[in-house]
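Visitor: To start, I am sharing the structure in question, which I have written as structure tokens.
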């Protein structure tokens, strides 16, 4: 079965680093979100249009990352993006950060819940988005995809 | 005559620095804006309320900075904020960044123009804001304060 | 028994927010790290001196956060910082983000491992740092503090 | 005569924007520096190698920007980078930010001075860098390029 990963690339900028000489950890999440934005746009769900339309928002309720190797200034990083969980009102996205020579430098994960903007209650994912995410669901993901509540 | 400067303080964080070991220049503007926000709140014009009210916006049309000494991780920085120009629809704010031992490390300047949100045309500054800024106008500012057009 | 939490405060700035109107999630980690830096300085282990001395580094190997309520522009946030895990070569720090009216808006956690700068292998925590962290260890932390390997 | 501009592109991310719905001004400088880094790498003077080598640093001594049109979430921005001034120890770089439909949304400028790392005194630009910058010097630049002091 085909790998469902979307590939995104970025180069570690000077402003990504800190006085310790390597990427400041919080900036990994910024890059993860850039990869998520690019991927959602590719899937037909551009975040800027979603925010302007005002019918659906997908705020993050969880984020996490593990840092295995330092990311250095100038490094060209490949980010693989995968759906790793799909529920009625939320979904999880996994990110793998690989250096130029294929070494896994970091992994990250974000969980997004569907809400109506200005409303704190969750809603079910729209059918078209749920179908698209389901078709991209990574069947090898460690997390058991469960299409149940929340 | 009393000095009209407002004083704001911050410490240079690890994430403010880059691999060259000193504050990354663009972050000076972030700190300048934090000082501007704190000062506007003190003057009774909190930006968050202004944005939520939706009647007035004060977008930046110009920003500049001169860097004289490196700002280092851990440095405690005092920012002096002054009105240095007042016009019918806009105003200029000057910032001086001083290290703990009183050395001038950087200066910055921002110019803000009054607009109605969602409208690109400028409007005159509201009377109360103009009066407040006038009372804080730095008479020693090099820039000739002119209460004329734009 | 006394609560071992250290309290840090910040106000949600305009640049912390995004077009969706609330704090952009990655900036929570920046604020968590600011709280961590202030706390370490208070404990006598200022990060800037540590980086300049070059004998010990405490890079992050893990970071995570749960977002419960949106943090809005202008909100005054209290961050409680606690040691929630202590091992031979690493420690965990927990953060609780509370709004002005005491509502828990977010929690975060970072794990730091002791290394010699420029060396990828971990080392044991220096005695004075380990003792200080032990004295602050949150005995009610859900995570079982274990003073064992790594 | 051929235009000496280097072209760089970026898309305005969610985290570039603020609660006012448009790019937060300080982030324009971050993107300008990303364009500068990409351009310097293309010219054969990759900043990451320069910082690691430790023989030459090119810190910013001045930065400025004028904001003409709001940059919105999702906008694809083309940045044109040009040398607009060349002196014995410093050079100026101009940036034009154009939207997808060719509208000039912002301009920026940075001035870099050559120093030996850890030394506050300026030094002359290395011959190869000076020659490369001279070949890219924008003859139509408003600023009179003067190959004189500082």
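Chains as they are written, first to last, in my numbering: chain U, 14 to 163; chain E, 14 to 163; chain W, 14 to 163; chain Y, 14 to 163.
We put the CB at the ideal spot given by N, CA and C, even for glycine.
#1: Can you give me the C-alpha to C-alpha distance between residue 35 of chain U and residue 104 of chain E, rounded to a whole angstrom?
#2: Quick one: what's got a C-beta closer than 8 Å to residue 20 of chain Y's C-beta in the same chain, skipping five residues either side?
#3: Can you tell me where the alpha helix (DSSP H) holding residue 40 of chain E begins and where it ends?
#4: Please report the straight-line C-alpha distance between residue 149 of chain Y and residue 73 of chain Y, rounded to a whole angstrom.
#5: Which residues bound the alpha helix (DSSP H) around residue 148 of chain W?
#6: Keeping to the same chain, check which residues put their C-beta closer than 6 Å to that of residue 158 of chain U; ignore five residues upstream and five downstream.
#7: Taking the alpha carbon of residue 75 of chain W as the reference point, which residue from W:25, W:138, W:145 and W:46 has its own alpha carbon closest?
#8: If we cut at 9 Å on Cβ distances, does residue 77 of chain E have a partner in chain Y?
#9: Cα-Cα, which of E:114, E:96 and E:110 is closest to residue 142 of chain E?
#10: Applying a beta-carbon distance threshold of less than 9 Å, which residues of chain E neighbour residue 118 of chain W?
#11: Could you pull the start and end residues of the beta strand (DSSP E) that residue 90 of chain E belongs to?
#12: Check residue 69 of chain W in the structure and name its three-state DSSP category.
#13: Use the C-beta contact count for residue 55 of chain Y: other C-beta atoms within 10 angstroms, 16 or more gives buried, fewer gives exposed.
#14: Name the chain U residues whose beta carbon is nearer than 8 Å to that of residue 46 of chain E?
#15: If contacts are defined as beta-carbon pairs under 8 Å, then residue 32 of chain E and residue 86 of chain U qualify, I think. What distance do you get, rounded to the angstrom?
#16: Between which residues of its own chain and residue 107 of chain W is the CB-CB distance below 6 Å, once the five residues before and five after are set aside?
#17: Counting only beta-carbon atoms, is residue 39 of chain E nearer than 9 Å to chain Y?
#18: Just checking: is the beta-carbon of residue 27 of chain E within a distance shorter than 9 Å of some beta-carbon in chain U?
#19: Cα separation between residue 28 of chain W and residue 43 of chain E?
#20: CA-CA distance, residue 152 of chain U and residue 50 of chain U?
#21: What's the call for residue 70 of chain E, buried or exposed, on a 16-neighbour Cβ count within 10 Å?
#22: Please name the residue, chosen from Y:134, Y:88 and Y:17, that lies closest to residue 65 of chain U on a Cα-to-Cα basis.
#23: Determine the extent of the beta strand (DSSP E) in which residue 120 of chain W is found, giving its start and end residues.
#24: So for residue 61 of chain W, helix, strand or coil by DSSP?
#25: What would DSSP say about residue 29 of chain U, mapped onto helix, strand or coil?
#26: Can you tell me where the beta strand (DSSP E) with residue 137 of chain U in it begins and where it stops?
Guide: Short version:
#1: Cα-Cα distance, rounded: 40 Å.
#2: Spatial neighbours of residue 20 of chain Y in its own chain (CB-CB distance under 8 Å, excluding positions within 5 residues in sequence) are listed in chain order as 91, 92, 93 and 94.
#3: Per DSSP, the unbroken alpha helix (DSSP H) holding residue 40 of chain E starts and ends at 38–55.
#4: 19 Å
#5: Unbroken alpha helix (DSSP H) run through residue 148 of chain W: 140–149.
#6: Because the pLDDT at residue 158 of chain U is just 43, under 50, the model does not fix this residue reliably, and the value given afterwards should be weighed accordingly. By the criterion of a C-beta distance shorter than 6 Å, residue 158 of chain U is surrounded in its chain by 98, 99 and 150, once the five residues flanking it on both sides are discounted.
#7: W:46
#8: yes
#9: E:96
#10: Neighbours of residue 118 of chain W on chain E: none; closest Cβ ~16 Å, over 9 Å.
#11: 89–99
#12: DSSP places residue 69 of chain W outside both helix and strand once states are collapsed to three, so it counts as coil.
#13: exposed
#14: Here the premise fails: no neighbours, minimum Cβ distance about 16 Å.
#15: 5 Å
#16: 95, 97 and 122
#17: yes
#18: yes
#19: The alpha-carbon atoms of residue 28 of chain W and residue 43 of chain E are separated by roughly 8 Å.
#20: 22 Å
#21: buried
#22: Y:88
#23: 117–126
#24: helix
#25: helix
#26: From DSSP, residue 137 of chain U is part of no beta strand (DSSP E); its letter is neither H nor E.
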